[in-house]
Amino acid sequence: MTAVVTFNASHRNAMKLPGKPRSRTAAFLPLCLFFMKVLHPGHSHLYNNRYAGDKVIRLIPKSEEEAYALKKIYHQLKVDLWQPSSISYVTEGTVTDVHIPQNASRALLVFLQQASIQYNILIEDLQKALEKGSSLQTQRNRRSAPGYNYEVYHSLEEIQSWMHHLNKTHSGLIHMFSIGKSYEGRSLFVLKLGRRSRAYKRAVWIDCGIHAREWISPAFCQWFVKEALLTYRSDPAMRKMLNHLYFYIMPVFNVDGYHFSWTNDRFWRKTRSRNSRFRCRGVDANRNWKVKWCDEGASMYPCDDTYCGPFPESEPEVRAVANFLRKHRKHIRAYLSFHAYAQMLLYPYSYKYATIPNFSCVESAAYKAVNALRSVYGVQYRYGPASSTLYVSSGSSMDWAYKNGIPYAFAFELRDTGHFGFLLPEMLIKPTCTETMMAVKNITMHLLKKRH
Numbered sequence: 000m001t002a003v004v005t006f007n008a009s010h011r012n013a014m015k016l017p018g019k020p021r022s023r024t025a026a027f028l029p030l031c032l033f034f035m036k037v038l039h040p041g042h043s044h045l046y047n048n049r050y051a052g053d054k055v056i057r058l059i060p061k062s063e064e065e066a067y068a069l070k071k072i073y074h075q076l077k078v079d080l081w082q083p084s085s086i087s088y089v090t091e092g093t094v095t096d097v098h099i100p101q102n103a104s105r106a107l108l109v110f111l112q113q114a115s116i117q118y119n120i121l122i123e124d125l126q127k128a129l130e131k132g133s134s135l136q137t138q139r140n141r142r143s144a145p146g147y148n149y150e151v152y153h154s155l156e157e158i159q160s161w162m163h164h165l166n167k168t169h170s171g172l173i174h175m176f177s178i179g180k181s182y183e184g185r186s187l188f189v190l191k192l193g194r195r196s197r198a199y200k201r202a203v204w205i206d207c208g209i210h211a212r213e214w215i216s217p218a219f220c221q222w223f224v225k226e227a228l229l230t231y232r233s234d235p236a237m238r239k240m241l242n243h244l245y246f247y248i249m250p251v252f253n254v255d256g257y258h259f260s261w262t263n264d265r266f267w268r269k270t271r272s273r274n275s276r277f278r279c280r281g282v283d284a285n286r287n288w289k290v291k292w293c294d295e296g297a298s299m300y301p302c303d304d305t306y307c308g309p310f311p312e313s314e315p316e317v318r319a320v321a322n323f324l325r326k327h328r329k330h331i332r333a334y335l336s337f338h339a340y341a342q343m344l345l346y347p348y349s350y351k352y353a354t355i356p357n358f359s360c361v362e363s364a365a366y367k368a369v370n371a372l373r374s375v376y377g378v379q380y381r382y383g384p385a386s387s388t389l390y391v392s393s394g395s396s397m398d399w400a401y402k403n404g405i406p407y408a409f410a411f412e413l414r415d416t417g418h419f420g421f422l423l424p425e426m427l428i429k430p431t432c433t434e435t436m437m438a439v440k441n442i443t444m445h446l447l448k449k450r451h
């Protein structure tokens, strides 16, 4: 990759199209200040301007020496890795996207130039990129528009009131319930979607937002519910899905972390639990499951983004979902978990390089799903076992679901491949969700063809 020290034109132009502009200040200002903000826009920054001058750069180490040097300086500068999720994964040839705070960017860039390590600047100023995706006008439109806008990102409060509303207005197809409480005491809501029937019905579990900063994920869960309700009467495939299956949908798994990513740190990943012996908060909710727990690809250090927690299911959110899945394991036949970003469809195993017993069925479902997704806008997804397609990681929800008898377990890594990273513009919500919908319907129809 050629060294590009200046922000290249294609990125500059792309960042000028961040989708519907709006301000997220409302998410963390008291109501009275919100109204002052309406009268005097432009006087305060999102997230207290904390990302001003921060950069996101991409590097691909060309040798193990380069990889080692990068690991060392990343550790010293306390950078925020966007991909891969842990420093331990940085090896020769690995695409590495890294968010560098302003105070460390000069040191890192000088180091890279001196070491002749080539890099690309993906985002020149993270604060500006954030704010380009925001304006008060749409913030107000979001609240006053008739109906719910599925093409903007929503705060946890908005998502939960949307769930309550659907529970009231679509009681024939939707039943909302709580499976427990988060570390900070928030309800963990799930929507049960499907036509009620006395007969035994198989089910599909879908969760979004295990990692807080991956906002496109909860947006997809909401989109899925909207499409199901909207097309149930007109689309024979959707009608068959809802008549013959139940869908358990958890739009925001990591409720505390997601809320925190709106109010304090847009790039927060973990839960928000406290560890009495360390000041760092949170556990990676996708490394906290009782399947090869805290082995390769997970960290035992509480300050790391892939911290596995003090023990398996230490996180109340993970424990609540695991308990629910254990209780209903007889009839849940598919587990789908949504993440970002990478454009991949992954299946087990994640914790080891080995072939699952029902590989041919799962691989064929993945192949068809990726083709269906590509047929919409030509977007390419890679697919395969998580360990060899992405990286080895232990303690993941997907492996746990598979090991607990759910035969079809998948993890989606949604758009994009790093151009916007976690700041996927709102104008890309619709195309991303539309194509993903095709893949999910495809997997579900595959399941319906199976007798067991």
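Letter by letter, the sequence shown follows residues 0 to 451 in numbering that gives the first Met the number 0. Cβ atoms here follow ideal geometry from the backbone N, Cα and C, with glycine treated the same way.
Coil, strand or helix - residue i by DSSP
i    : result
R11  : Low per-residue confidence applies at R11: pLDDT is 36, beneath 50, and the placement is therefore not dependable enough to give any value.
H174 : strand
T93  : coil
C207 : strand
A339 : strand
A364 : helix
N47  : helix
Y73  : helix
Q159 : helix
F310 : coil
A202 : strand
R238 : helix
K471 : Residue 471 is absent from the model: the chain starts at 0 and stops at 451.
T435 : helix
R232 : coil
L56  : Contrary to the premise, residue 56 reads as Ile rather than Leu in this sequence. Strand, per DSSP.
R194 : coil
S298 : strand
Q82  : strand
R325 : helix
Residue i burial status per 10 Å Cβ neighbour count (16 or more: buried)
i    : result
Y382 : buried
G67  : It is worth fixing the name first, because residue 67 is Tyr in this sequence and not Gly. Counting Cβ neighbours within 10 Å, Y67 comes out exposed, since fewer than 16 surround it.
M162 : buried
C302 : exposed
L32  : Low confidence applies to L32: its pLDDT is 41, below 50, so where it sits in the model is not reliable, and the reading given next is rough at best. With fewer than 16 Cβ atoms within 10 Å of its Cβ, L32 is classed as exposed.
V439 : buried
E130 : buried
C293 : buried
E425 : buried
G146 : exposed
P60  : buried
S62  : exposed
A236 : exposed
T168 : exposed
A114 : exposed
V189 : buried
M299 : exposed
M436 : buried
A198 : exposed
Assumed close pair residue i, residue j - CB separation to whole angstroms, cut-off 8 angstroms
i    : j    : result
L76  : I116 : Not a contact, Cβ separation roughly 14 angstroms.
M397 : Y340 : Contact doesn't hold; Cβ gap of about 17 angstroms is too wide.
Y245 : K289 : Going by Cβ atoms, the distance from Y245 to K289 rounds to 25 angstroms, so no, they are not a contact pair.
I158 : Q221 : 7 angstroms
E453 : V378 : Nothing about residue 453 can be read from this structure; the chain reaches only from 0 to 451.
I209 : S336 : 6 angstroms
A297 : S392 : 7 angstroms
Nonlocal neighbours in the same chain, by C-beta distance under 8 angstroms from residue i, ignoring five residues either side
i    : result
N12  : Here N12 scores only 38 on pLDDT, less than 50, and its place in the model should not be relied on; the value that follows carries that caveat. Closer than 8 angstroms at Cβ, skipping near neighbours: no residue.
Y73  : L80, I86, V89, V97
G171 : R194, R195
L241 : L172, L192, G193, R194, A227, Y231
W267 : A211, R212, G256, F259, S260, G281
F421 : W81, R212, E213, W214, R265, F266, A339, Y340
Close Cβ partners of residue i (< 6 angstroms) along its chain, the five nearest in sequence each way excluded
i    : result
H445 : A364
I331 : A202, W204, I405
P17  : Any answer about P17 is weak, because its pLDDT of 39 lies below 50 and its placement is not dependable; what the coordinates show is given next. For P17, where only same-chain residues beyond five positions count, the Cβ hits under 6 angstroms are K131, G132, P424.
N274 : P301
S104 : K54
C279 : P301, C302
S403 : The sequence given here has Asn at residue 403, not Ser. Once the five neighbours on either side are set aside, the close Cβ partners of N403 are R328.
I122 : V55, A128
Spatial neighbours of residue i in its chain, beta-carbon cut-off 7 angstroms, leaving aside the 5 residues before and after
i    : result
N287 : C307, G308, P311, E312, S313, E314, V317, G394
Y352 : S386, S387
F323 : I178
V361 : Y346, I355, Y407
A368 : L344, A438, N441, I442
E183 : D255, R271
Residue i Cβ short of 6 angstroms to the ligand ZN heavy atom set
i   : result
L58 : With respect to the ligand ZN, the structure offers nothing, as it holds no ligand at all.
Pick out the complete alpha helix (DSSP H) segments inside the segment 387 to 433, 4 residues or longer, and give them in chain order. 396 to 402
Fully enclosed by the segment 253 to 289, which beta strand (DSSP E) runs are 3 residues long or longer? none
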